[in-house]
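Asker: Submitted below is the structure of interest, expressed as structure tokens.
Rendered as structure tokens:
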């Protein structure tokens, strides 16, 4: 099985079924023809099997036919976040050496300088030439389609690069299709599902498009350049959307900006997935109260295609009814994934202890593209080491404490910023919070909390500080300083960029 074959199967079994809904609808039969034409166009350049095609675009329907066409041509899809800066793009292109770049007129200037230096052909899908060239191609399956094997490389997903230069996470067809099957099981995706894709395609391909293409579901695209809660809700209502995925910042905006009178716009949703950063139990309680028991949290990483653990819809209800602490968990191992929390001797920890989360399963990456050294550092005996510190309770629920690199070392004591952030999130007016270590001549590191408030809030830092003092935090974990910012910086995938916050206080001295 390979990705192109999944589309071919759906086109044969259900040719008139929608694969794209919204402003540019498309059936599986039409996708089959169009992707064949793209594959034949790409093959006319005589690139070798496994060459890379970089795609620098915001979310738009053409992404689906590009992914499928690139796959059928036996080439590798390299999705790029349109928010990447020139330096990051240059690093990525130097690593993957694409044979071609696909972009639009908005992002053309960003890639032309790099492409011109390396004589890389650039396709601008905004022009009529792109459509003309495709339409001239054959709608027959390309010869390359028949030579694709399950262990042939399918895509490279570049990490956000917050720990240094971006890393290219390499997957073959077998791995992404196994992950797609797991996603369908965990997210209740069926051939009748309608998935609205809001988060950028480059980072979400394994939990959005590929599950839909595998099972024959339909998908639509929201503007990944800007999240507008009211427009988002309207898209769900207009298209009877059943599935979507948001990051916590977007969920907070949904709570804040969507009038309660419009909550019914989300009534068709079966599953709303979320992940990438924590949400306080009180916020989850509000989300379920307003929109129903549709929430499903995933925890994982790019290196395992996405899903490692799941806090299911039933788990959310159980947490709300009997044990609010459960909502601080990232869930239990997903179907088909082996998850352990280990000590420094690679032994599973006991309840109440802390260790590193490691993953093993059929969809763990092949490795970092052209980076065997960093691959060997994290992929050890088939286990992917996450760098996340966690605890496990008696029922197997995993609680992320923090990233190893985020720990604040104060007077020889390791302090997890997440513990302090979780307390701050209990305040109804706190929209975002990030805690970092700062230079301290006596203790080594001091503690600073940076907070973004909901619009219209007048809560003071003194009030938030007093809340911390009255919480379970010990005195050494109380922030010595709090700052309120209009907005916290984010990286390319929407996570709070702690490295930028640290740089604000440390200058260039500390990067991680």
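Residue numbers (the numbering used here): 5 to 516. We treat Cβ as the ideally placed atom computed from N, Cα and C, and that holds for glycine.
1. Could you check if residue 516 is buried or exposed, using at least 16 other CB atoms within 10 Å of its CB as the buried criterion?
2. Look at the Cβ atom of residue 5, then the Cβ atom of residue 181, and state whether they are nearer than 7 Å.
3. Is there contact between the stretch 286-293 and the stretch 139-153, where contact requires at least three CB pairs shorter than 8 Å?
4. For the alpha helix (DSSP H) that residue 457 lies in, which residues bound it at each end?
5. Using the DSSP secondary-structure output, state which residues sit across from residue 32 in a beta bridge.
6. Starting from the C-beta of residue 270, find all residues in its chain whose C-beta is less than 7 Å away, skip the five residues before and the five after it, and write them out in chain order.
7. Buried or exposed for residue 356, please, with buried defined as at least 16 other CB atoms from any protein chain shown within 10 angstroms of its CB.
8. Can you tell me whether residue 230 is buried or exposed, with buried defined as 16 or more other CB within 10 angstroms of its CB?
9. Do residue 432 and residue 421 come within 7 Å of each other at the CB atom, strictly closer than that value?
10. Quick check: the stretch 20-34 against the stretch 181-191, are there 3 or more CB pairs under 8 Å?
11. Please name the residue, chosen from 412, 439, 56, that lies closest to residue 172 on a Cα-to-Cα basis.
12. What separation, rounded to the nearest whole angstrom, lies between the Cα atoms of residue 110 and residue 378?
13. Thinking C-beta only, is residue 32 closer than 7 Å to residue 18?
14. Please give me, in chain order, every unbroken run of the alpha helix (DSSP H) with length at least 4 that falls completely inside the stretch 374-411.
15. Taking residue 487 as the reference, give the member of 252, 508, 452 with the closest Cα.
16. Identify the residues that DSSP records as bridge partners of residue 62: which are they?
17. With residue 300 as the anchor, note down where its beta strand (DSSP E) starts and where it stops.
18. If you drop the 5 nearest sequence neighbours on each side, which residues of the same chain put their C-beta closer than 8 Å to that of residue 2?
19. Would residue 16 be called buried (16 or more neighbouring beta carbons within 10 Å of its own) or exposed?
20. Could you check where the alpha helix (DSSP H) with residue 225 kicks off and where it finishes?
21. Does the beta-carbon of residue 241, which I'm using as the reference point, lie nearer than 6 Å to any heavy atom of the ligand NAP?
22. Alpha carbon to alpha carbon, how far is residue 245 from residue 415?
23. Assign residue 85 to one of two classes, buried (16 or more other C-beta atoms within 10 Å of its C-beta) or exposed (fewer than that).
24. Nearest CA to the CA of residue 350: which residue from 386, 338, 366?
25. Reducing DSSP to helix, strand and coil, say where residue 320 ends up.
26. Quick one: grab the DSSP three-state call for residue 430.
27. Is the number of C-beta pairs between the stretch 308-321 and the stretch 196-206 that are closer than 8 Å three or more?
28. Give the list of continuous beta strand (DSSP E) stretches no shorter than 3 residues that lie fully inside the stretch 208-288.
29. Below 7 Å between beta carbons: does that hold for residue 522 and residue 63?
30. Label residue 75 either buried or exposed according to how many other C-beta atoms from any shown protein chain fall within 10 Å of its C-beta, with 16 as the threshold for buried.
31. If you draw a straight line from the alpha carbon of residue 490 to that of residue 459, how long is it in whole angstroms?
32. Pick out the complete alpha helix (DSSP H) segments inside the stretch 65-100, 4 residues or longer, and give them in chain order.
33. How many angstroms separate the CA atom of residue 330 from the CA atom of residue 360?
34. Can you give the Cα-Cα distance for residue 426 and residue 437, rounded to whole angstroms?
35. In angstroms with no decimal places, state the Cα-to-Cα distance between residue 518 and residue 177.
36. Compute the distance between the beta-carbons of residue 46 and residue 77, then report whether it is under 7 Å.
Answerer: To lay it out plainly:
1. Here residue 516 scores only 35 on pLDDT, less than 50, and its place in the model is too uncertain to base an answer on.
2. Yes, they are a contact pair.
3. With the cut-off at 8 Å, the stretch 286-293 and the stretch 139-153 do not touch.
4. Note, residue 457: premise wrong, no alpha helix (DSSP H); beta strand (DSSP E) at 448-457.
5. According to DSSP, residue 32 bridges with nothing at all.
6. 237, 240, 295, listed in sequence order.
7. Looking at its Cβ environment, which holds fewer than 16 other Cβ atoms inside 10 Å, residue 356 is exposed.
8. With a threshold of 16 other beta carbon atoms within 10 Å, residue 230 falls short and is exposed.
9. Cβ distance not < 7 Å, so residue 421 and residue 432 don't count as in contact.
10. With fewer than three CB-CB distances shorter than 8 Å, the stretch 20-34 does not count as touching the stretch 181-191.
11. Here the closest residue by C-alpha is 56.
12. Distance between the alpha carbons of residue 110 and residue 378: 34 Å.
13. A contact, by the Cβ cut-off of 7 Å.
14. Uninterrupted alpha helix (DSSP H) stretches at least 4 residues long and entirely within the stretch 374-411 occur at 376-382, given in chain order.
15. The shortest Cα separation from residue 487 among 252, 508, 452 belongs to 452.
16. When beta bridges are read from the DSSP output, residue 62 appears opposite no residue.
17. Note, residue 300: beta strand (DSSP E), 299-303.
18. Beyond the ends of the chain as shown, which are 5 and 516, falls residue 2; an answer cannot be given.
19. Exposed, since its Cβ has fewer than 16 Cβ neighbours within 10 Å.
20. Segment 222-225 is the beta strand (DSSP E) holding residue 225; no alpha helix (DSSP H) there.
21. With respect to small molecules bound, the structure shown includes none, and the ligand NAP cannot be examined in it.
22. Between residue 245 and residue 415, the C-alpha separation is close to 52 Å.
23. Residue 85 is classed as buried because its beta carbon has at least 16 other beta carbons within 10 Å across all chains shown.
24. Nearest C-alpha to residue 350 among 386, 338, 366: 386.
25. Three-state DSSP puts residue 320 in a helix.
26. Assigned with DSSP and collapsed to three states, residue 430 falls in coil, not helix or strand.
27. Between the stretch 308-321 and the stretch 196-206 there are fewer than three C-beta pairs closer than 8 Å, too few to call the two in contact.
28. Those beta strand (DSSP E) runs which fall completely within the stretch 208-288 and span 3+ residues are 222-225, 247-250, 275-278.
29. No statement about residue 522 is possible, as the shown extent of the chain runs from 5 to 516 and does not include it.
30. With at least 16 other beta carbons inside 10 angstroms of its own, residue 75 counts as buried.
31. Distance from the CA of residue 490 to the CA of residue 459, rounded to the nearest whole angstrom, comes to 9 Å.
32. Taken in chain order, the complete alpha helix (DSSP H) segments of 4 or more residues contained in the stretch 65-100 are 66-76, 90-100.
33. C-alpha separation (whole angstroms): 20 Å.
34. Distance between the alpha carbons of residue 426 and residue 437: 9 Å.
35. In this structure the chain extends from 5 to 516, so residue 518 is not present and cannot be described.
36. Contact annotation: residue 46 and residue 77 have beta-carbon atoms nearer than 7 Å.
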